[in-house]
Ligand code: K7E
Ligand code: CUA
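This is the structure in structure tokens:
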């Protein structure tokens, strides 16, 4: 591999030149009919859902397009006190890992489940970049249904990319690390000997979406950055961009930018499946959590799994191939037909487009220029279809429309560049405000993109909105791409830091949206099926309150006989059977959060009384005209007190204990 000495100053200048590249006329670059194009009249629905990653918020958000209305923030990897996620006893297991309870993560990429290469509206997947995990969100409930942890990984960035029938969700490790079953207590400068990069192939069950790690592929120690599945002609393959092929372990800014070209790795996953069936995998002892939420028990379970099957790319010569890609590739995107693979080198001055057909021919001809840690490297020219010349500076990500065009985000020159896939000519460019990261087109990574809208997710907001102190909301920008010229039609602020996002036809989701949970299907162990079933049960120092909520009272709403040292569990069932009637539950001094309980659901808040006295509790969600009356009291007596356990709604017991008989 030819090495050139990359000038450190050049990188610094390039990366610091964001301001210099700020487009002119930033304020008035909006098209004149923008308002009409984004106006969705009150009571009317948007045409698309836009699922947006929250980055360091750990959550995913759903917007309507073209209005840019925020519809919902879906808690995924971070606790959310608003919804009780990660605070209720039922949802805590969702955030369990082999490291214990992990209440935060960094969600970069969103992928819709696919059937025949197009979105099917069943699930959305998200990656946890810090403590490697993949989540599946059920689009009937807009809730996280499952989280699976990934062993042998450090930083799950090239994830959760999906095959055309959701056969697999992949996860490539960003940081190579010593494998989990090896001694990791080794000098960091032994990277080259001891560190490995692992790809995880997570199977997704057709019926219910349940995820399992089908197998992993152990690869040379590099950083896997992004990925896309092949589709159409390239179905059966996956492509991963790799950087730090220098295998640096310090000051990557310089040391991982030495080489003129890094790699894209092509993975023949159909072949990997054959090897797996033929027993070529090695069983490895590991520990990882598999967490699933049930809409029947209304609770999550967490299981620690202890084994994974690993295929070795070094030994199984024909599953992984490297081909060179200029300058620290980031995005690695596949055209709608599956024929073209677009590599976006963060520091490259062109965009290379590779041909799947040529890749196959080069592999058949063994057109190798060498090996990297036992994995063959194909010749750049043998795989290259062509290069997009002078596209702009800092290409990151590419999506596609239905007219043979590709759209690439340019971080450094702050623009979206539209180019023709066949002849590789730039046909349009439009500024972003500012420094765009990911972009997305409606169904833009599928076999049948819809075009119409493109959203750019910008890293820097600066003067776009009213100032809000040192921290500004990050910005999304909506472009109409239905004509020859891209037109900016809307700015809207986002939650956390958006990275990837997807735009899906609302029709695929909206008619399946669940309105409530049926009480007769409720299998929660502490379900109170009606007010007559409410009770308070003491088991040693644990007190279980089987409580119900209905407009506008809690049952029971007076509880006595709780003692210091007790652990009180409020299991609250919302008895409503109608859409949009949640009840909330909160109690003074609770060290966790509220519960927000949907109709037909049971959720549990654990409460440890902190002192003797009387504590109010109430419904937090304004549910009726008498919502403010939806309250109650709980009385806490000293440890060892003989105040009897009493509970009621709507009646007063005779005063029984000495404290009240003065
Ligand atoms: Cu480009 Cu994490 Cu997908 Cu951000 S990544 S932009
Ligand atoms: Cu129930 Cu407010």
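In my numbering, the protein residues as written are 34 to 695. From the three backbone atoms N, C-alpha and C, an ideal C-beta is built for every residue, glycine too.
Could you pull the start and end residues of the beta strand (DSSP E) that residue i belongs to?
i	result
residue 241	It is not in any beta strand (DSSP E) - residue 241 carries neither H nor E in the DSSP assignment.
residue 147	143-148
residue 83	81-86
residue 520	520-526
residue 636	635-640
residue 285	Per DSSP, residue 285 belongs to no beta strand (DSSP E); it is in the alpha helix (DSSP H), 285-288.
residue 358	353-359
residue 438	438-443
residue 432	428-433
residue 124	Run containing residue 124: none; DSSP gives neither H nor E here.
residue 490	484-491
residue 649	646-651
residue 631	From DSSP, residue 631 is part of no beta strand (DSSP E); its letter is neither H nor E.
Rounding to the nearest angstrom, what Cα-Cα distance links residue i and residue j in this structure?
i	j	result
residue 379	residue 274	11 Å
residue 359	residue 294	4 Å
residue 214	residue 318	6 Å
residue 649	residue 668	9 Å
residue 12	residue 672	Nothing can be reported for residue 12, as the shown portion of the chain is limited to 34 through 695.
residue 162	residue 141	7 Å
residue 54	residue 445	No answer about residue 54 holds up, because its pLDDT of 47 lies below 50 and its placement is not dependable.
residue 562	residue 376	57 Å
residue 520	residue 462	10 Å
residue 651	residue 158	35 Å
residue 438	residue 366	13 Å
residue 597	residue 644	7 Å
residue 341	residue 381	38 Å
residue 242	residue 172	12 Å
residue 313	residue 349	8 Å
residue 609	residue 339	42 Å
residue 278	residue 538	39 Å
residue 532	residue 169	18 Å
residue 298	residue 395	14 Å
residue 356	residue 390	14 Å
residue 492	residue 544	34 Å
Identify which residue in the options has its Cα closest to the Cα of residue i.
i	options	result
residue 18	555, 254, 97 and 334	Here the chain has residues from 34 to 695 only, and residue 18 is not among them.
residue 261	512, 574 and 201	201
residue 530	470, 362 and 97	470
residue 184	135, 130, 176 and 199	130
residue 362	328, 317 and 428	428
residue 104	464, 682, 206 and 525	525
residue 490	528, 333, 119 and 459	528
residue 387	403, 456 and 523	456
residue 591	684, 630, 636 and 511	684
residue 415	459, 66, 402 and 364	402
residue 654	584, 635 and 686	584
Would DSSP call residue i helix, strand or coil?
i	result
residue 132	coil
residue 604	strand
residue 138	coil
residue 678	coil
residue 301	strand
residue 311	coil
residue 499	coil
residue 225	helix
residue 456	coil
residue 564	helix
residue 291	coil
residue 467	coil
residue 186	coil
residue 662	helix
residue 255	coil
residue 346	coil
Between which two residues does the alpha helix (DSSP H) carrying residue i extend?
i	result
residue 396	389-397
residue 157	No alpha helix (DSSP H) holds residue 157; the beta strand (DSSP E) holding it covers 151-161.
residue 71	67-71
residue 414	413-416
Would residue i count as contacting chain C if we go by Cβ distances under 8 Å?
i	result
residue 92	Here chain C cannot be found, since the structure has a single protein chain.
> Is the region 498-506 in contact with the region 470-488, if contact means three or more CB pairs nearer than 8 Å?
Replying inline: no
> Contact between the region 401-417 and the region 447-456: three or more CB pairs below 8 Å?
Replying inline: No, because fewer than three Cβ pairs between the region 401-417 and the region 447-456 fall closer than 8 Å, the two stretches do not touch.
> Would you call the region 221-233 and the region 140-149 in contact, with 3 or more CB pairs under 8 Å?
Replying inline: no
>> Would you call the region 601-611 in contact with the region 638-653, where contact means no fewer than 3 C-beta pairs closer than 8 Å?
In response: Yes: the two stretches touch, three or more of their Cβ pairs being nearer than 8 Å.
>> Three or more C-beta pairs under 8 Å: does that hold for the region 547-555 against the region 327-338?
In response: yes
> Counting pairs of Cβ atoms below 8 Å between the region 622-631 and the region 115-134, do you hit three or more?
Replying inline: yes
>> For the structure I just gave you, are there three or more beta carbon pairs, one from the region 231-247 and one from the region 193-210, closer than 8 Å?
In response: yes
> Within the chosen definition, does the region 587-597 reach the region 655-669 through at least 3 CB pairs nearer than 8 Å?
Replying inline: Taking 8 Å as the limit for Cβ pairs, the verdict is that the region 655-669 does touch the region 587-597.
> Between the region 60-75 and the region 92-100, are three or more C-beta pairs nearer than 8 Å?
Replying inline: Contact between the region 60-75 and the region 92-100 is established, with three or more Cβ pairs separated by less than 8 Å.
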